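FYI, the numbering for the sequence shown is 293 to 640, going by the working numbering. We put the beta carbon where it would ideally sit given N, CA and C, even for glycine. Just so we're clear, the structure is a prediction, and the values are computed from it rather than from any experiment. Here is the structure we will look at, set down as structure tokens.
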Amino acid sequence: MRIPMMSVACKQVQPLVSFQGGGFQAELNMEAFFRRKDKVVFVIGPTGTGKSRLAIDLATRFPSEIINSDKMQVYKGLEIATNKVTDEECRGVPHHLLGIAEPHSNFSAADFCLHASSAIKSILDRGKLPIIAGGSNSYIDALLNDHDHDHDHDQRSQFRRQYECCFLWVDVSLPVLNAFVSERVDRMVAAGLIDEVRRMFDPAADYSRGIRRAIGVPELDELFGAEARGASKKTRDRLLQLAIEKIKVNTCLLARRQLQKIHRLHPQWCWNVHRLDATEAFLKRHRHQDADEAWEKLVAEPANMIVGEFHYGEEIAAMVPSTTTAGACAGPVLSSPVSIAAVAGATR
């Protein structure tokens with residue numbers, strides 16, 4: 293269950309450019325060839341793996357600001373359904389691109405490139421490290437490749453010529469992650485997910501645009517339609533349980549698709565990718581053991597060492613104990629394929 297919103301903890305940074313649904317056009321900057329590259333950290337991974345937590349952990353240890361790269365969290369509203377970080381969870385760390393787009397607009401990958409590029413520049417101008425965190429790999433791929441998927445990926449894009457990038461890949465075994473996201477859906481329901489989505493119900497809604505694409509919105513349409521028609525309590529209860537099961541299954545399928553896309557894109561990012569296996573921390577949480585200690589040992593501390601070396605130079609390695617085997621281009625074999633039936637079973 294989400295912690296109640298606090299009034300002063302999290303600073304949401306306003307976008308430097310107004311959202312008008314425009315595109316992103318990069319211009320070649322020859323200065324980038326002759327100066328030391330600025331650095332950007334990416335925190336990637338499937339939904340539910342703790343990307344936001346790790347990004348905030350890092351931002352409390354390094355002078356950093358966070359740029360959201362989640363397709364649904366970029367929209368205003370549906371804080372529970374989109375699992376936005378609360379003010380309390382932000383721990384005072386400034387966040388960009390979080391809840392900036394109107395719910396009915398269509399915030400494209402080109403829009404993300406435009407806003408993210410402006411945010412990166414503003415963060416660097418303040419002498420801080422940009423940390424881009426979120427599960428929308430298409431946004432990240434568009435940013436890295438200047439929103440041009442037709443060019444030869446062996447030729448570095450303008451973004452990668454300008455910036456040096458470090459990727460932290462938070463990974464969790466799919467069966468373990470499936471169980472966790474199922475439990476998370478139950479917590480979201482207990483926190484008010486149904487009423488939150490009900491408030492924006494529209495029988496004529498277009499579920500292909502804006503925030504209505506978020507998992508949890510289309511799945512509840514049949515329930516709310518039945519309520520509007522005066523269906524019996526028995527029918528409403530049945531439709532509610534079916535909707536919750538659909539939300540769980542679709543969230544698990546999303547996690548699988550995101551992981552598969554990371555494996556497809558991983559070779560393109562191979563110059564500085566570090567995989568952090570958080571499975572044991574999630575297992576301990578499920579067993580009601582000391583999950584925070586496991587998270588710190590397996591994820592936060594190794595990430596701190598990696599980012600420290602990346603940000604400050606190799607000499608930092610002599611000052612920080614090595615607690616990770618995750619190295620550049622470390623990549624596991626893709627988890628075994630999971631059928632829809634298996635995913636549905638894992639969510640029960």
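According to DSSP, residue pairing for Tyr367 in a beta bridge involves Ala393.
Spanning the alpha carbons of Phe334 and Cys458 requires a straight line of approximately 6 Å.
A direct Cα-Cα distance of roughly 10 Å separates Ala482 from Ile372.
DSSP places Asn360 in the uninterrupted beta strand (DSSP E) bounded by Ser356 to Asn360. C-alpha of Val468 to C-alpha of Gly517: approximately 34 Å in a straight line.
Ranked by how close their Cα comes to the Cα of Tyr604, the residues Ala347, Lys363, Glu394 and Gly419 have Gly419 in first place.
Between Glu537 and Ala471, the alpha-carbon positions lie close to 13 Å from each other.
In the DSSP assignment, Val333 is bridged to Ile423 and Cys458.
With respect to Met364, Thr378 sits apart: the two C-beta atoms are not nearer than 8 Å.
For Arg501, no alpha helix (DSSP H) segment is defined, and its DSSP state is neither H nor E. Counting the other CB atoms within 10 Å of its CB gives Thr543 a total of 16 or more, which places it among the buried residues. Here DSSP, grouped into helix, strand and coil, assigns Arg328 to coil.
Going by DSSP, Asp569 is part of the beta strand (DSSP E) stretching over Val565 to Asp569.
Inter-segment contact for the segment 391-405 and the segment 492-511 is present: three or more beta-carbon pairs are separated by less than 8 Å. By the CB criterion at 8 Å, Ala595 and Leu568 fall inside the cutoff. For Gln533, the enclosing alpha helix (DSSP H) stretches over residues Lys525 to Leu557.
Beta-bridge analysis with DSSP links His407 to no other residue.
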